[in-house]
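Novice:
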Amino acid sequence: MNIEQKLAEKTKEALKVLYGADIKKVSFENTNPDFEGDYTLVVFPFLKISKKKPEETANDIGVYLKEHSSEISSFNVVKGFLNLVISEQFWLNFFKDINGKPLLLDAPKENAPTVMVEYSSPNTNKPLHLGHVRNNLLGYSVSEILKAAGNNVVKVNLVNDRGIHICKSMLAWQKWGNGETPESSNMKGDHLVGKYYVEFDKHYKKEIEDLIAKGKTKEEAEKQAPLMLEIQEMLRNWEAGDKPTRELWEMMNGWVYKGFASTYKMLGVDFDKTYYESNTYLLGKDLIEYGLNKGVFKRRADNSVFIDLTADGLDEKTLLRADGTSVYMTQDLGTAVKRSEEVKFDKLIYTVGNEQDYHFKVLFLILNKLGYDWAKGLYHLSYGMVELPHGKMKSREGTVVDADDLMQEMIDTAKQTTQELGKADGLSEQEANELYSTIGLGALKYFMLKVDPKKKMLFNPAESIDFNGNTAPFIQFNYVRIKALLRKAKEGLLNFNDMDVFTHNVQLLPKEKELIIKLYQFNSTIKQAANDYNPSIIANYAYDLAKEYSQYYHDTPILKEEEKDLILFRLHLSKTIGLTIQTSMKLLGISMPEKM
């Protein structure tokens, strides 16, 4: 039981003894920095049972808690707020218990919830871009945080590898590729396929312009353009299993998958299972008959099938076209059912941008109406789009911000900044290159994840690589500072492995107490981030801890302290803070350098 739970139980006891009331829920919050105290109880909800003024009620509870809780050293009352000061010995005992150990929560138990997290979901007609970077980093980090909070996690990817958009790249390569391959062009496979997607669009636009010039409307021109008719024919051939079409599809998708694997490796994300739309696009058709029999779906006169959601504040949604073909929603319904059969999940989280909010409202509502109990555990992790200072991205025009180029740009910028600041001095070439990669990719990931997922974000590469401020390089620098301090201590033959030498003889400085409290809050921070599916909570925790330590390091002598007990304590404190910073950043997928 943590201190907040202990205080809550004791407060319930106090309310029972003092006022004869059984209160089920009592919660504390961190004390406002302007007042003395560690935890604060707001007493206004208890005035009906105390029949006293706020100050008197707070004082009554404070006196009881101080008399009956050894953890409380003092209290003060500010209007209706009871501020409790936790004893220094409690914090020292906590620090002794956790010193040198990982602060993560326990590993998942046998009966731990199973959470499936879907993220990435790329198309095989182009490389991963800036939007995919946020998606992948968010999905991966949420998965790691959920693991740290004690869940069994299954990370999945759904690859959109079929359809009209895929045929565009295939047809363009057939027409204008001249047999070009990743090897012959020295180009990553996903980049090569993306090149032909852009090439298709260029020729398609020209055909539309020509048809409009001949008197066609824009809508007529888009439908009647020869290239559009050809890709529709190609898609029909693919669905019919035409061998040459399938072989071309397999070859070009193979190029893309190799390219994706390289990007995922550099980005530091992975998956436990990958689903392919080519295997799932027919799923869901069986559900149509099931839904019709249950009266959940209805059939129109033209033979199409739909669900009427107007009573739920939504629209009618077609689930099967008049010609019997399925739509994306049908496929998503079938895929969800398939996943529930393969993995008995308690939660399924879809990491998808907020432009799909309506789609997921409809998807979840239909599955609930079909009577699937597990549908109550479906969640759309909706996130805002990423923009750059010079505007939005447009992939069809070839102006997309490519993920590979972005990562390389970050590494190059990190190299320039690091060299200018002299932080790579004394490192070998290999060590320096590893440092540039660690700083550059860390800066990218942190900048993407420190913002609440729900918010739209403006990504500025130049701002992200700054050794001051709320950035990964600042946090990494303070971690390296701690590692250097510990190395220097060992070089001076200081043995700081025995906590018993000093734990009971140390009087904490105010900043030391603040740092230990911050360490104490680590596990509750993980729980909050897991409950909210929000890595920014971890990111900002890591920054706050690094910032507080930076001030402590600057203001407090450590190796130059005269008392050996204090030197040892401060080294232990530094070591534990370093470990906690490293663990926090690992949950964001960020590596930490050992030197800079």
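Counting in my numbering, the sequence shown runs from 248 upward without gaps. Cβ coordinates follow ideal geometry from the N, Cα and C atoms, glycine included.
#1: Classify Glu-225 as buried or exposed, calling it buried when 16 or more other Cβ atoms lie within 10 Å of its own Cβ.
#2: Quickly, what does DSSP pair Ile-773 with across the bridge? List them, please.
#3: Between Gly-309 and Val-290, what straight-line distance do the alpha-carbon atoms span, to the nearest angstrom?
#4: By Cβ distance, which residues of its chain are closer than 7 Å to His-450, with the 5 residues on each side in sequence left out?
#5: Do Ser-525 and Asp-408 have their CB atoms nearer than 7 Å?
#6: Of the residues Val-403, Asn-399, Ala-793 and Ala-558, which one's Cα is nearest the Cα of Val-599?
#7: Note down, one range per segment and in chain order, each alpha helix (DSSP H) of at least 4 residues found wholly within the segment 482–519.
#8: Please determine, among Leu-265, Gly-267, Tyr-266 and Val-273, the residue with the shortest C-alpha to C-alpha distance to Glu-256.
#9: Pull up the distance between the alpha-carbon of Phe-328 and that of Asn-279, whole angstroms please.
#10: Could you please give the first and the last residue of the uninterrupted alpha helix (DSSP H) stretch that includes Met-576?
#11: If distances are taken between C-alpha atoms only, which option among Ala-793, Pro-782 and Lys-842 comes closest to Ala-396?
#12: Quick test of your reading: Phe-592 and Thr-361, contact by CB under 8 Å. State the CB separation rounded to the nearest angstrom.
#13: Taking C-alpha atoms, which residue in Glu-841, Lys-735, Leu-682 and Lys-794 lies nearest to Ile-814?
#14: Alpha carbon to alpha carbon, how far is Leu-826 from Val-753? Give it in angstroms, no decimals.
#15: Sort Tyr-767, Gln-655, Val-727 and Asn-770 by Cα distance to Tyr-800 and report the nearest one.
#16: Can you say whether Asp-415 is buried or exposed, counting buried as having 16 or more other CB atoms within 10 angstroms of its CB?
#17: Would you decide whether Val-406 is buried or exposed? Buried here means 16 or more other CB atoms lie within 10 Å of its CB.
#18: Have a look at Leu-534 and Leu-561 and give me their C-alpha separation to the nearest angstrom.
#19: Let me check understanding here. Comparing Cα to Cα, which of Lys-760, Asp-457 and Tyr-444 lies closest to Asn-340?
#20: Within 8 Å, do at least three Cβ pairs link the segment 382–390 to the segment 612–625?
#21: Evaluate the contact criterion for the segment 718–727 versus the segment 786–795: three or more CB pairs, one atom per stretch, below 8 Å.
#22: Terminal residues of the continuous beta strand (DSSP E) containing Asn-404?
#23: DSSP three-state label for Gly-309, please.
#24: So, are the CB atoms of Leu-580 and Gly-531 less than 7 Å apart?
#25: Rounded to the nearest angstrom, how far is the Cβ of Pro-369 from that of Phe-518, given a contact under 8 Å?
#26: So, is Asp-285 buried or exposed, given that buried needs 16 or more other C-beta atoms within 10 angstroms?
#27: When you compare each of Glu-681, Leu-653 and Ser-771 to Pro-840 by their alpha carbons, which one comes out closest?
#28: Suppose only complete runs of 4+ residues qualify. What are the alpha helix (DSSP H) ranges in the segment 593–621, listed by chain order?
#29: Give the DSSP-derived three-state secondary structure of Glu-563 in the structure shown.
#30: How long is the line joining the alpha carbons of Asp-812 and Asp-672, rounded to whole angstroms?
#31: From Pro-700 to Asp-779, what does the alpha carbon distance come to, in whole angstroms?
#32: What does the Cβ neighbour count give for Arg-381, buried or exposed, with the cut at 16 atoms within 10 Å?
#33: What is the DSSP secondary structure of Tyr-726, reduced to helix, strand or coil?
#34: Decide yes or no for the touch test of the segment 583–590 against the segment 563–574: beta carbon pairs closer than 8 Å, at least 3 of them.
Specialist: Quick look at the numbers:
#1: Beyond the ends of the chain as shown, which are 248 and 843, falls residue 225; an answer cannot be given.
#2: Bridge partners of Ile-773: none, in fact.
#3: When rounded, the distance between both Cα atoms is 11 Å.
#4: Excluding residues up to 5 positions away in sequence, Leu-474 lie with their Cβ nearer than 7 Å to the Cβ of His-450 in the same chain.
#5: Yes, the Cβ-Cβ distance between Ser-525 and Asp-408 is below 7 Å.
#6: For Val-599, the nearest C-alpha among the options comes from Val-403.
#7: Here the runs fully enclosed are 490–514.
#8: Glu-256 has its Cα closest to that of Val-273, out of Leu-265, Gly-267, Tyr-266 and Val-273.
#9: When rounded, the distance between both Cα atoms is 10 Å.
#10: Where Met-576 is concerned, the enclosing alpha helix (DSSP H) starts and stops at 575–589.
#11: It is Pro-782 whose Cα lies nearest to the Cα of Ala-396.
#12: The Cβ separation is near 5 Å, so the contact holds.
#13: That would be Lys-735, whose Cα lies nearest to the Cα of Ile-814.
#14: If I take the Cα positions, the gap works out to 22 Å.
#15: It is Val-727 whose Cα lies nearest to the Cα of Tyr-800.
#16: Just to set this straight, residue 415 is Lys in the shown sequence, not Asp. Label assigned to Lys-415: buried.
#17: With 16 or more Cβ atoms within 10 Å of its Cβ, Val-406 is classed as buried.
#18: Distance between the alpha carbons of Leu-534 and Leu-561: 21 Å.
#19: If you compare the alpha carbons of Lys-760, Asp-457 and Tyr-444 with that of Asn-340, the shortest gap goes to Lys-760.
#20: The way I'd put it, the segment 612–625 doesn't touch the segment 382–390; fewer than three beta-carbon pairs between them come closer than 8 Å.
#21: Contact between the segment 718–727 and the segment 786–795 is present, with at least three C-beta pairs closer than 8 Å.
#22: Segment 399–406, the beta strand (DSSP E) holding Asn-404.
#23: Gly-309: helix per DSSP, three-state reduction.
#24: Taking C-beta atoms as the reference points, Leu-580 and Gly-531 count as a pair closer than 7 Å.
#25: Distance from Pro-369 to Phe-518 at the Cβ level is roughly 12 Å; contact not present, criterion being Cβ atoms closer than 8 Å.
#26: Residue burial is scored here from C-beta neighbours: Asp-285 has at least 16 other C-beta atoms within 10 angstroms and is therefore classed as buried.
#27: It is Glu-681 whose Cα lies nearest to the Cα of Pro-840.
#28: Taken in chain order, the complete alpha helix (DSSP H) segments of 4 or more residues contained in the segment 593–621 are 604–616.
#29: DSSP places Glu-563 within a strand segment (E or B) once states are collapsed to three.
#30: So the alpha carbons of these two residues sit roughly 34 Å apart.
#31: In this structure, the straight-line span from the alpha carbon of Pro-700 to that of Asp-779 is close to 10 Å.
#32: With 16 or more Cβ atoms within 10 Å of its Cβ, Arg-381 is classed as buried.
#33: Correct three-state label for Tyr-726: helix.
#34: Because the criterion of three Cβ pairs below 8 Å is not met, the segment 583–590 and the segment 563–574 do not touch.
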